[in-house]
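Asks:
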Amino acid sequence: DAGVTQSPTHLIKTRGQQVTLRCSPKSGHDTVSWYQQALGQGPQFIFQYYEEEERQRGNFPDRFSGHQFPNYSSELNVNALLLGDSALYLCASSLWFRGSSYNSPLHFGNGTRLTVT
Amino acid sequence: DQQVKQNSPSLSVQEGRISILNCDYTNSMFDYFLWYKKYPAEGPTFLISISSIKDKNEDGRFTVFLNKSAKHLSLHIVPSQPGDSAVYFCAASGESALIFGKGTTLSVSS
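In order, the protein sequences belong to chains A and B.
For reference, each letter of the first sequence is one residue, going 1 to 117 in my numbering.
For reference, each letter of the second sequence is one residue, going 1001 to 1110 in my numbering.
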């Protein structure tokens, strides 16, 4: 049973550049959420995708955008990178049920470590 | 504005004893609570959850207690094992995405 997979595992970018992170959900899951985890902090919600639409968004600027594909995989794009974007980016998948996935435990990937210099 | 607070950054326990990790929340709309465990270089792993209609949920060595009036939940691990050493995150949701606390690092010594 394939779990959540993320790529790449590590990435180094320069301030001002753009980055794309990728995620394949756990087999059978249809909803993907993205979280940012800064050092010493808990994961912070960026946004959630279901049926290729952004369903909810956390307190992140428009520089953060995403996409979900028909096979449920997802991408997170960050434009105009800032030093403060350096963090672990976690993708999580879950099941959509009765209009939400909020009472469905999230299954996380191992994350992508992004360093902005 | 932290809606989920884990006020103890770290906890050290001896093998075989009880570990108690605490979590407080401020949003009365939260109705689903979870605990996740995270090892270095891995993503968080779901451990146990509790709905607001219950005050206790048990799964093997892990028990979560919910006190809605105090907006407090706790995770009990009995007996603690060295392999339990990890960062534990409390998370909560209502009609919104999961909100996580900052985590508590548990160290279990043999």
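Cβ coordinates follow ideal geometry from the N, Cα and C atoms, glycine included.
From which residue to which residue does the beta strand (DSSP E) around B:Q1006 run?
Replies: The residue given as residue 1006 of chain B occupies position 6 in the second sequence. No beta strand (DSSP E) holds B:Q1006; DSSP gives it neither H nor E.
Asks: Taking Cβ positions, are A:Y57 and A:F47 nearer each other than 7 Å?
Replies: Here the question's residue 57 of chain A lines up with position 57 in the first sequence. Here the question's residue 47 of chain A lines up with position 47 in the first sequence. According to the sequence as given, residue 57 of chain A is Arg; it is not Tyr. The answer is yes: Cβ separation under 7 Å.
Asks: Where do the ends of the beta strand (DSSP E) carrying B:K1056 lie?
Replies: The sequence position of residue 1056 of chain B within the second sequence is 56, counting from 1. Where B:K1056 is concerned, the enclosing beta strand (DSSP E) stretches over K1056 to D1059.
Asks: If contacts are defined as beta-carbon pairs under 8 Å, then B:V1004 and B:A1091 qualify, I think. What distance do you get, rounded to the angstrom?
Replies: Position 4 of the second sequence, counting from 1, holds the residue named residue 1004 of chain B. Position 91 of the second sequence, counting from 1, holds the residue named residue 1091 of chain B. Going by Cβ atoms, the distance from B:V1004 to B:A1091 rounds to 7 Å, so yes, they are a contact pair.
Asks: Answer yes or no: do A:S104 and A:P25 have a C-beta to C-beta separation smaller than 7 Å?
Replies: Residue numbering aside, residue 104 of chain A sits at position 104 when the first sequence is read from its first letter. Residue numbering aside, residue 25 of chain A sits at position 25 when the first sequence is read from its first letter. No, these two residues do not count as a Cβ contact at 7 Å.
Asks: Below 7 Å between beta carbons: does that hold for A:Y89 and A:L21?
Replies: Translated into the one-based positions of the first sequence, residue 89 of chain A becomes position 89. Translated into the one-based positions of the first sequence, residue 21 of chain A becomes position 21. In contact: A:Y89 and A:L21 (Cβ atoms closer than 7 Å).
Asks: Taking B:K984 as part of the beta strand (DSSP E), name the residues at either end of that continuous run.
Replies: The question about residue 984 of chain B has no answer, for chain B in this structure spans 1001 to 1110.
Asks: Measure the C-alpha to C-alpha separation of B:G1114 and B:A1097 and round it to an integer number of angstroms.
Replies: Nothing about residue 1114 of chain B can be reported from this structure: the residues present for chain B run from 1001 to 1110 only.
Asks: Taking just the CA atoms, how far does B:Y1032 sit from A:S7?
Replies: Here the question's residue 7 of chain A lines up with position 7 in the first sequence. Here the question's residue 1032 of chain B lines up with position 32 in the second sequence. Cα to Cα, A:S7 sits roughly 30 Å from B:Y1032.
Asks: Taking 6 Å as the cut-off, is the beta-carbon of A:T14 closer than that to any non-hydrogen atom of the ligand ATP?
Replies: The ligand ATP is absent from the structure shown, which contains no ligands of any kind.
Asks: Nearest by alpha-carbon distance to A:H107: which of B:D1024, B:C1023, B:L1034 and B:Q1006 is it?
Replies: Your numbering for residue 107 of chain A matches position 107 in the first sequence. It is B:L1034 whose Cα lies nearest to the Cα of A:H107.
Asks: With a cut-off of 7 Å, does the C-beta of B:P1044 fall near any C-beta of chain A?
Replies: Translated into positions along the second sequence, residue 1044 of chain B becomes position 44. Judged by the 7 Å Cβ criterion, B:P1044 is in contact with chain A.
Asks: Taking 6 Å as the limit between beta carbons, can you name the residues of its chain near A:D30, skipping five residues before and five after?
Replies: Position 30 of the first sequence, counting from 1, holds the residue named residue 30 of chain A. Cβ neighbours of A:D30 beyond the five flanking positions: Y72 and W96.
Asks: Over the uninterrupted beta strand (DSSP E) stretch that includes B:N1022, give me the two end residues.
Replies: For this step, residue 1022 of chain B is matched to residue 22 along the second sequence. That run of the beta strand (DSSP E) goes S1019 to Y1025.
Asks: Apart from the five residues just before and just after B:K1038, which ones in its own chain have a Cβ nearer than 8 Å to its Cβ?
Replies: For this step, residue 1038 of chain B is matched to residue 38 along the second sequence. Here the set comprises P1044, T1045, A1086, V1087, Y1088, F1089 and G1103.
Asks: Just to confirm, is the Cβ distance from B:V1064 to B:I1053 under 7 Å?
Replies: By one-based count along the second sequence, residue 1064 of chain B stands at place 64. By one-based count along the second sequence, residue 1053 of chain B stands at place 53. Not closer than 7 Å, so no.
Asks: Can you find a C-beta in chain B that's less than 7 Å from the C-beta of A:N59?
Replies: The residue you call residue 59 of chain A lines up with position 59 of the first sequence. A:N59 does not count as touching chain B.
Asks: At a Cβ cut of 8 Å, what residues of the region 50 to 78 of chain A count as close to chain B, listed as they run along the chain?
Replies: The residues in question are Q56 and G58.
Asks: Could you give the first and the last residue of the continuous beta strand (DSSP E) run that contains A:H10?
Replies: The residue you call residue 10 of chain A lines up with position 10 of the first sequence. Where A:H10 is concerned, the enclosing beta strand (DSSP E) stretches over H10 to K13.
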